[in-house]
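There are 2 protein chains.
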Amino acid sequence: MGSLPLDASSVRPLNPEAFSGDSGAVLDFLAKYYRDVDKYPVRAADLEPEHGEPMEDVLEDVRRDILPGLTHWQSPSFFAFFPMNASAARFAGEMLSAGLNVVPFVWAASPATAELETVVVDWMGWLLGLPQRLLFSGGGGGVLQGSTCEAVVCTLLVVYASDQTHATFHKGARLFKTLLVGIPPSNFRVIQTSSASGYGLTADAVRAVVDRDVARGLVPLYLCATVGTTGLGAVDPVRKLGEVARRHGMWLHVDAAMNPHKWFLTNADCCCLWVANPRELTSALSTDPDQSRRFRAIKLWVVLRRYGAGGLREHIRRHVTAAKWFERAVAADERFEVVVPRKFSLVCFRLRPRFAGEDDETTLDGMNRELLAAVNASGQAFMTHFVVDGKFVIRLAVGGAMTEMRHAMDVWELLQGKADDLIHRYHLEG
Amino acid sequence: MGSLPLDASSVRPLNPEAFSGDSGAVLDFLAKYYRDVDKYPVRAADLEPEHGEPMEDVLEDVRRDILPGLTHWQSPSFFAFFPMNASAARFAGEMLSAGLNVVPFVWAASPATAELETVVVDWMGWLLGLPQRLLFSGGGGGVLQGSTCEAVVCTLLVVYASDQTHATFHKGARLFKTLLVGIPPSNFRVIQTSSASGYGLTADAVRAVVDRDVARGLVPLYLCATVGTTGLGAVDPVRKLGEVARRHGMWLHVDAAMNPHKWFLTNADCCCLWVANPRELTSALSTDPDQSRRFRAIKLWVVLRRYGAGGLREHIRRHVTAAKWFERAVAADERFEVVVPRKFSLVCFRLRPRFAGEDDETTLDGMNRELLAAVNASGQAFMTHFVVDGKFVIRLAVGGAMTEMRHAMDVWELLQGKADDLIHRYHLEG
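The listed protein sequences derive, respectively, from chains A and B. Sequential numbering of the first sequence, starting at 643, is according to the working numbering. Sequential numbering of the second sequence, starting at 643, is according to the working numbering.
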């Protein structure tokens, strides 16, 4: 394994033998972890290190002290939040990114990294069926970000940067640009949604708010439409909202909640951002050494090459099929209700036994909290919840790389069992 | 290798055999890359992929199309910008981070990740000899960020967040907080430095600006001191600046330019941020799913465990020793001058032959630009430059994981040869 203890004088950080030894040990460790991950419960000593230690000791501590304290996001029974995909290919890509460890913050710092990013960003746009004008090949373009927050802030920076004098524009640091983005909270409009629109924005609601602001002499700046909200997977009517935005010259940002690190088998962090005119974006993001961008493109590139569009479609369809099956099972059980129609692979439901009437929200709230707690405490599955219109809703988000139909069936069986116990107890108590 | 072409139906993203096959292929690829990296010049087809491909084909394309277009940051002769360290241990750590792929954005999402982060952040603080009160063990604490920009923005968010009404304070999304940070450019003070103070800030200069602002009724908010500036490695007098900041109740941020991803054998991205009172920081950074934090702590933890403090000290001293040797060599050659005294492992120098007088800055500028271009064009080494007081300064930043004394000697020999040619030519022309 080439993994001996290290004394100070023997540190040769990239010695190829030590590299292969340490890395091989981790590979074996991870292969075994994936083989056994469904056996772990899904949810889950500090002396300063003066002297180097063997890799085996470090991995033994990971096994003994860290794994037990982890929530196992790669478990096939992880249905919480939104699962973060992993795959052998993204791992290979991440290894290439980490191994080459180039820092493409300026073109000269690694030309191929910038070029590869344009390739994969176009591939993703093609895969998602984006309008041609958003692709580099169509005059648009995009970048890979670490997270949706970064992506949204960047588009705001663009809007603002283009409003700034060149003096501030030339300050390279993203920090300075960020500081220029100062929208007072009083100018934020959080527009109410309702079950009538499946909790999506309606163009009428947006138009009403915008018109009122315009009448007050305000200038509408930025509209964010969402395709797949975090809580319920709600989808806003992008085209209609786009028409409102265009009429008022607002920047329209579509949060498609489809980061490669969510559903495209690419591990965190990797988020795609497209803009129709990438020039402002590049001028807002380039030339900042301190942002030390990682070579994210190569891991997404390896994933797309290794599995292909066909493989990714099949992977996503497998999840949607399982979610459809689960939704039908919930709908067919009179003790449960589907709270909002399934979108993508997210099922939002709750326990609602006959004896608890419309007006009995307090009881239902308590029962569903107990039900979710019981399921998660079992360690056999992990789900999270969302509260909408005062209703406590349980979310089943299907998206694990190893999640198959049988895991959806298992969690449904588990839910039914826990529901029986609960209802029985409430009957006795009531 | 278990690396067959994939058709849609065969996508099993974490199948342990496929995982070991693909990952093993990348390991071999990278071990060979490190073995040969000093042979590469240091500076350096897109049909949509409908069908999956074998790993070998993907790696062959990396070899043929990507490596030639990379700037090889891991080359021992990379002396540009600031080198980004890599090591077998950080790679092992990065593999663990990518392999476990947990997303510790809230405690429940993975308790051990948060706990491990407090451990390694304290270790780093201990290693840097930070005051006890900045460590978790002393009531302070910190986090791992992706970059210095993130770190600085976070501290500003803290300042602002604490000034906000609870209504805005409770908006979880970092996006919203970022939007609240709106400092008009007119309120930025960029304070001049000079060679007299080695291009560090002086407390007097800061005091003068602050007093003037206070007299005008402004409230000084934030002072950033730097230990090791990007261009010249200048060091600001932290204690004296701290006294100015304390007198006016300003937030003092020290940018120590010592990110683990720079000099501590940990690959990008990994940047430490400490604060005396971490509560504001955690409330400013927690509960944002979209920031999808990576499990950075484990890679820094593996580096510290594997090499130990002693190993890291020895690693850094090796770089400083090489930089000292280079500085002495430059000083001893009457054709060159050291422009500012060496700090850490950064040597800032320029060619200045006798025949070019004080008043001949134009000639010197041209000669040094040509000299740097000639060295970089050779592909045998890569350096960058900085302009200070109108002088074009060449920077030798020693910090590569594989960089040893002989590489500093080689680049000096290379510089002398190119300088001979240049001076000879200028003599003929002049």
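Every residue gets a Cβ at the ideal spot worked out from N, C-alpha and C, and that includes glycine.
- Any chain A beta carbon closer than 9 Å to Ala1015/B: If you number the second sequence from 1, residue 1015/B lands on position 373. By this cut-off, Ala1015/B is not an interface position.
- Task: Kindly say whether Ala759/A, judged by its beta-carbon, lies nearer than 9 Å to any beta-carbon of chain B.
- Result: If you number the first sequence from 1, residue 759/A lands on position 117. Per the sequence presented here, residue 759/A reads as Glu, with Ala not at that position. So no, Glu759/A is outside the interface.
- Task: Would you kindly report the start and end of the unbroken beta strand (DSSP E) that includes Tyr949/B?
- Result: Along the second sequence, read from residue 1 onward, the residue named residue 949/B stands at position 307. Note, Tyr949/B: premise wrong, no beta strand (DSSP E); alpha helix (DSSP H) at 938 to 974.
- Message: Suppose the cutoff is 8 Å on Cβ atoms and the five residues either side in sequence are ignored; what does the same chain contact list for Arg705/A look like?
- Response: Position 63 of the first sequence, counting from 1, holds the residue named residue 705/A. Cβ neighbours of Arg705/A beyond the five flanking positions: Phe671.
- Message: Is there a C-beta anywhere in chain D that falls below 9 Å from the one on Trp916/A?
- Response: This model lacks chain D altogether, as its protein chains are A and B.
- Message: For Pro995/A, which residues in the same chain have their Cβ closer than 6 Å to its Cβ, ignoring the five residues on either side in sequence?
- Response: Working through the first sequence from its first residue, we reach residue 995/A at position 353. The answer, listed in chain order, is Arg977, Ile1065.
- Residues near Ala793/A in its chain [Cβ-Cβ closer than 6 Å; skip 5 each side]: What you label residue 793/A is simply residue 151 of the first sequence in a count that begins at 1. Answer for Ala793/A: Gln787, Cys913, Leu915, listed in chain order.
- C-alpha gap between Glu759/B and Asn727/A, whole angstroms: Position 117 of the second sequence holds residue 759/B. Position 85 of the first sequence holds residue 727/A. Using only the alpha carbons, I get a separation of about 23 Å.
- Message: For a quick check, are the C-beta atoms of Trp715/B and Leu865/A less than 9 Å apart?
- Response: Position 73 of the second sequence holds residue 715/B. Position 223 of the first sequence holds residue 865/A. For Trp715/B and Leu865/A, no; Cβs fall outside 9 Å.
- Query: If you draw a straight line from the alpha carbon of Phe661/B to that of Leu946/A, how long is it in whole angstroms?
  - Reply: Here residue 661/B corresponds to residue number 19 of the second sequence, with the count starting at 1. Here residue 946/A corresponds to residue number 304 of the first sequence, with the count starting at 1. Within the model, the alpha-carbon separation for Phe661/B versus Leu946/A is close to 16 Å.
- Continuous alpha helix (DSSP H) stretch holding Ala1050/A: start and end: For the purposes of this step, residue 1050/A is taken as the residue at position 408 of the first sequence. It spans 1047 to 1071 - the alpha helix (DSSP H) in which Ala1050/A sits, taken as one unbroken run.
- Message: Tell me which residues share the same chain as Trp1054/B and place their Cβ nearer than 7 Å to its Cβ, disregarding the 5 neighbours each side in the sequence.
- Response: As a working note, residue 1054/B is residue 412 in the second sequence. Counting only Cβ-Cβ distances below 7 Å, and skipping sequence neighbours, we find Phe968, Ala971.
- Message: Please state the DSSP three-state secondary structure of Glu979/B.
- Response: Here residue 979/B refers to the residue found at position 337 of the second sequence. If DSSP states are grouped into helix, strand and coil, Glu979/B belongs with the strands.
- Task: Pick helix, strand or coil for Arg895/B, following the three-state DSSP scheme.
- Result: Counting from 1 along the second sequence, the entry for residue 895/B is found at position 253. First, the amino acid is wrong: residue 895/B is His here, not Arg. The answer is strand: DSSP assigns His895/B an E or B state.
- Message: Quick check: Phe723/A and Ala974/A, are their CB atoms within less than 9 Å of each other?
- Response: Here residue 723/A is taken as the residue at index 81 of the first sequence, counted from 1. Here residue 974/A is taken as the residue at index 332 of the first sequence, counted from 1. No, these two residues do not count as a Cβ contact at 9 Å.
- Segments assigned alpha helix (DSSP H), at least 4 residues, entirely inside the region 870 to 914 of chain B: Qualifying alpha helix (DSSP H) stretches, in chain order: 880 to 889, 902 to 905.
- Query: Are Arg732/B and Lys904/B close, meaning C-beta to C-beta below 9 Å?
  - Reply: The residue you call residue 732/B lines up with position 90 of the second sequence. The residue you call residue 904/B lines up with position 262 of the second sequence. Taking 9 Å as the Cβ cut-off, Arg732/B and Lys904/B do not qualify as a contacting pair.
- Task: Give the straight-line distance between the Cα atoms of Ala850/B and Pro983/B, rounded to the nearest whole angstrom.
- Result: In the second sequence, counting from the first residue as 1, residue 850/B sits at position 208. In the second sequence, counting from the first residue as 1, residue 983/B sits at position 341. Spanning the alpha carbons of Ala850/B and Pro983/B requires a straight line of approximately 27 Å.
- Message: Any contact between the region 879 to 887 of chain A and the region 852 to 866 of chain A? By contact I mean 3 or more CB pairs, one from each, below 8 Å.
- Response: Between the region 879 to 887 of chain A and the region 852 to 866 of chain A, the count of C-beta pairs closer than 8 Å reaches three or more; the two stretches touch.
- Simplified DSSP assignment, three categories, for Ile1073/B: Here chain B covers residues 643 to 1072 and nothing more, so residue 1073/B does not appear.
- Item | Leu860/A versus Thr868/A, Leu874/A, Gly891/A, Gly840/A, residue with shortest Cα-Cα distance | Within the first sequence, the letter at position 218 stands for residue 860/A. The residue with the shortest Cα to Cα distance from Leu860/A is Gly891/A.
- Message: Here's the rule: buried if 16 or more other CB atoms are within 10 angstroms of the residue's CB, otherwise exposed. What is Thr807/B?
- Response: Numbered from its first residue, the second sequence carries residue 807/B at position 165. Any answer about Thr807/B is weak, because its pLDDT of 23 lies below 50 and its placement is not dependable; what the coordinates show is given next. Classification for Thr807/B: exposed.
- Give the DSSP bridge partners of Thr1026/A, in chain order. Translated into the one-based positions of the first sequence, residue 1026/A becomes position 384. Paired residues: Arg1037/A.
- Residues bridged to Gln787/A [DSSP beta-bridge criterion]: As a working mapping, residue 787/A is identified with position 145 in the first sequence. Per DSSP, Cys913/A.
- Does the region 871 to 878 of chain A touch the region 827 to 842 of chain A, meaning 3 or more C-beta pairs lie closer than 8 Å? Two segments are said to touch when three or more pairs of C-beta atoms, one from each, lie closer than 8 Å; by this definition the region 827 to 842 of chain A touches the region 871 to 878 of chain A.
- Query: When the cut-off is 9 Å and only beta carbons count, does Trp765/A lie next to chain B?
  - Reply: As a position in the first sequence, residue 765/A is number 123, starting the count at 1. Output row for Trp765/A: interface = yes.
- Which residue comes first and which comes last in the beta strand (DSSP E) that contains Leu864/B? Residue mapping note: residue 864/B aligns to position 222 of the second sequence, counting from 1. The sequence given here places Tyr at residue 864/B; Leu does not occur at that position. Note, Tyr864/B: beta strand (DSSP E), 864 to 868.
- Query: How about Ala951/B and Glu692/A: are their beta carbons less than 9 Å apart?
  - Reply: Your numbering for residue 951/B matches position 309 in the second sequence. Your numbering for residue 692/A matches position 50 in the first sequence. It is a contact, given that the beta carbons lie within the stated cut-off.
- Query: If the cut is a Cβ gap below 9 Å, which residues of chain A does His890/B touch?
  - Reply: Along the second sequence, read from residue 1 onward, the residue named residue 890/B stands at position 248. Under the 9 Å cutoff, chain A gives no residues; its nearest Cβ is about 20 Å from His890/B.
- Look at the alpha carbon of Gln584/A and the alpha carbon of Ser1020/A, and state the distance between them as a whole number of angstroms. Lying outside 643 to 1072, the shown extent of chain A, residue 584/A is not represented and no answer is given.
- Task: For the region 675 to 729 of chain A, list the alpha helix (DSSP H) runs that are entirely contained and at least 4 residues long, ordered along the chain.
- Result: Within the region 675 to 729 of chain A, the complete alpha helix (DSSP H) runs of at least 4 residues fall at 697 to 703.
- Message: Report the CB separation of Ala734/B from Asp664/A in whole angstroms; it is logged as a contact under 8 Å.
- Response: The count along the second sequence starts at 1 and reaches residue 734/B at position 92. The count along the first sequence starts at 1 and reaches residue 664/A at position 22. Contact between Ala734/B and Asp664/A holds, since their C-beta atoms are separated by about 5 Å, short of 8 Å.
- Query: What separation, rounded to the nearest whole angstrom, lies between the Cα atoms of Asp1002/B and Ala1023/B?
  - Reply: Counting from 1 along the second sequence, the entry for residue 1002/B is found at position 360. Counting from 1 along the second sequence, the entry for residue 1023/B is found at position 381. Their Cα atoms are separated by approximately 28 Å.
- Query: Going straight from the alpha carbon of Pro658/A to that of Val856/B, what length do you get?
  - Reply: On the first sequence, position 16 is the one that residue 658/A refers to. On the second sequence, position 214 is the one that residue 856/B refers to. Distance between Pro658/A and Val856/B, taken at the CA atoms: about 58 Å.
- Message: What are the residues in the region 709 to 726 of chain B lying within 7 Å of chain A by C-beta distance?
- Response: Within the region 709 to 726 of chain B, the qualifying residues are Gly711, Leu712, Thr713, Trp715, Gln716, Phe723, Met726.
- Measure the C-alpha to C-alpha separation of Thr871/B and Ser987/B and round it to an integer number of angstroms. As a position in the second sequence, residue 871/B is number 229, starting the count at 1. As a position in the second sequence, residue 987/B is number 345, starting the count at 1. Going by the C-alpha atoms only, they are around 12 Å apart.
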